[in-house]
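Following the numbering used here, the numbering of the sequence shown begins with 921 at its first residue and continues without gaps.
For reference, the structure is listed below as structure tokens.
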Amino acid sequence: MQRILIIEDETEIAGYLRRGLTLEGFIVEIANDGNTGLAAARENPPDLVVLDLMLPGLDGLEVARRLRAASEVPIIILTARDAVPDRVAGLESGADDYLVKPFAFEELLARIRVQLRRRQSAQQSDVLRYNNLIIDTAAREVRIGDRRVDLTAKEYELLEQFMRHPQQVLTREVIYDRVWGYDFGGESNIIEVYVRYLRQKLEAGGEPRLIQTVRGVGYILREE
Ligand code: CA
């Protein structure tokens, strides 16, 4: 099921959207202000965000910018202000579409489906490369040079995180959150175990190590 995060301070509108979208089969989460919305998007990344522009505290445009800086999640902006400069600012902030209030629910639903389809086809063609390591995220296939590497589901998910953020340190907390979806606490060695599995499989043909340990912090995908 696809998850939609609604960031909207007007509880009536938020409740109305929640009911409608739930009936359409989406999992809906509501945040009543920008900071709560950003935290919700970090903790449990949604497939799409519906974002009201006029929010208390952190402004909707700023929320859109921060969401976009952190991920490729589709963002549909709701705005009561039917002014061209606002629309332009909305799209420049990284939003994918906007809708002027008041709008018909069916119209929002149609826009949501367009964005989700677009996102899906973008994901399907996603082939990620680093050096001679190639992963096809649609087929979940991994090759290193000419060699096909068979991974378990968790090993694959861990590798995909590294491939999506090459040459970037991934902290243990971020890896737990993105691959296992919850906090194991500081004591678990599950990441170490899975990194060891991954290295064994990726280096089985004598290939150089690509997943490096950053002591006390986490791991990074890069050449030694
Ligand atoms: Ca509002």
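Just so you know, even glycine gets a beta-carbon here, dropped at the ideal spot from N, CA and C.
Exercise. Which stretch, first to last residue, makes up the beta strand (DSSP E) that contains Glu1143?
Worked result: Where Glu1143 is concerned, there is no enclosing beta strand (DSSP E), given that its DSSP letter is neither H nor E.
Problem set entry | Environment of Glu928 [buried if 16+ CB atoms lie within 10 Å] | buried
Exercise. Could you give the distance in angstroms between the alpha-carbon of Ala1145 and the alpha-carbon of Tyr1117?
Worked result: The structure shown does not extend to residue 1145, since the chain is modelled only from 921 to 1144, so the question has no answer here.
For this session: List the endpoints of the continuous beta strand (DSSP E) containing Leu968.
Result: Leu968 to Asp972
Problem set entry | Three-way DSSP call (helix, strand, coil) for Asp1146 in this model | Outside the displayed span of the chain (921 to 1144) sits residue 1146, for which this structure offers no information.
Exercise. Measuring from the CB of Glu982, is there a heavy atom of ligand 1 at a distance below 7 Å?
Worked result: no
For this session: Could you tell me if the beta carbon of Asp1179 falls within a distance shorter than 7 Å of some heavy atom in ligand 1?
Result: Absent from the structure is residue 1179, since the part of the chain shown begins at 921 and ends at 1144.
For this session: Compare the beta carbon distance of Gly977 and Gly954 with 8 Å and say whether it is the shorter of the two.
Result: Yes, Cβ-Cβ distance for Gly977 and Gly954 is below 8 Å.
Exercise. Looking at Glu1027 and ligand 1, is the gap between the Cβ and the nearest heavy atom below 7 Å?
Worked result: No, the beta carbon of Glu1027 sits no closer than 7 Å to any heavy atom of ligand 1.
Exercise. My guess is that Ile1055 and Glu1075 are in contact by the Cβ rule of under 8 Å, so how many angstroms apart are they, rounded?
Worked result: The Cβ separation is near 11 Å, so there is no contact.
Exercise. Are the C-beta atoms of Ala961 and some chain B residue less than 8 Å apart?
Worked result: Any reference to chain B falls outside this structure, which holds one protein chain only.
Exercise. Helix, strand or coil: how does DSSP classify Gln1132 here?
Worked result: strand
Exercise. Under three-state DSSP, which class holds Val1094?
Worked result: helix
Problem set entry | Cβ neighbour criterion (16 or more within 10 Å) applied to Ser1041 | exposed
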